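Engineer: Got a structure for you, questions after.
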Amino acid sequence: MKKKNPFFSLIESFKILPGVGEKTAMRYTVHLMKEKEEKVMKLAKDIIELKQKLKLCEECGFIKSENSCEICSDGKRENTLCIVEDIPAVIAIEKTGIYRGYYHILHGVISIENNEEIMERIRRLVERIKRKRFKEIIIATNPTVEGDATAFYIKEKIKEISDVKLLKITSGIPVGGSIDMMDEMTISQSFKHRLEF
């Protein structure tokens with residue numbers, strides 16, 4: 000079989016997605032071959048628009064369209080900061096309505112693979128904390144070895160520059176779990192019962 004045709008090319012493209020290997024990529028490609036053309040065209044259009052119209056906010060790391068981040072530009076938010084690993088965590092927390100402050104998204108955790116990138120994001124976080132006078136900071140990294148190591152590192156960096164109240168979400172999220180996979184009740188409880196860190 001010729002591997003240069005669009006079928007095999009799309010399989011390779013799908014493999015850039017996290018958790019998608021050869022078999023899953025092939026299954027997706029076969030599904031799209033059978034799907035109605037208008038649905039496939041809409042998917043292609045949505046992917047193109049995602050890259051053309053949306054960016055990451057330089058301040059918080061959330062999704063922004065044009066020049067405006069809906070979180071950073073919301074003046075009604077409380078003067079608190081919640082530090083999370085990724086965008087899905089923000090979306091999950093926002094759904095609960097339990098937290099109405101600002102966010103800082105790390106887009107990862109301290110690990111062997113992406114240390115340079117994460118250190119730069121933590122440096123920007125520290126600069127942001129110096130500029131803004133937050134009433135409290137909540138560290139909401141996932142309860143994994145890397146998430147906890149990142150939380151402790153951030154805690155030490157913040158303590159070097161500020162005496163702001165530091166809190167950590169705790170109850171309900173199992174070790175190795177991730178915030179975006181928890182139900183709204185569990186997330187709400189973990190915020191209600193956050194502890195000084």
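First residue of the sequence shown? That's 0 in numbering that gives the first Met the number 0, and the numbers climb one at a time after it.
Quick reminder that beta carbons are idealized off the backbone N, C-alpha and C, glycines included.
Every value quoted in this text rests on a predicted model; they were computed, and no experiment measured them.
#1: How is the beta strand (DSSP E) around Val83 delimited, first residue to last?
#2: Pull up the distance between the alpha-carbon of Glu115 and that of Glu58, whole angstroms please.
#3: In three-state DSSP terms, what is Ile153?
#4: I want to know whether the region 65-82 touches the region 98-105 - three or more CB-CB distances under 8 Å.
#5: Going by beta carbon distance, what residues of the same chain come within less than 6 Å of Lys164, once the five residues before and after it are set aside?
#6: Evaluate Glu84 with the Cβ neighbour count: other Cβ atoms within 10 Å of its Cβ, from every protein chain shown; 16 or more gives buried, anything less gives exposed.
#7: Among all the DSSP beta bridges, which residues are the ones paired with His103?
#8: So what's Leu16 in DSSP terms, helix, strand or just coil?
#9: Between the Cα of Ile178 and those of Glu155, Ile70, Thr140 and Leu53, spot the shortest distance and give me the residue it belongs to.
Structural biologist: Walking through what the data contain:
#1: Thr79 to Val83
#2: 18 Å
#3: helix
#4: yes
#5: Glu135
#6: buried
#7: Ile82
#8: coil
#9: Thr140
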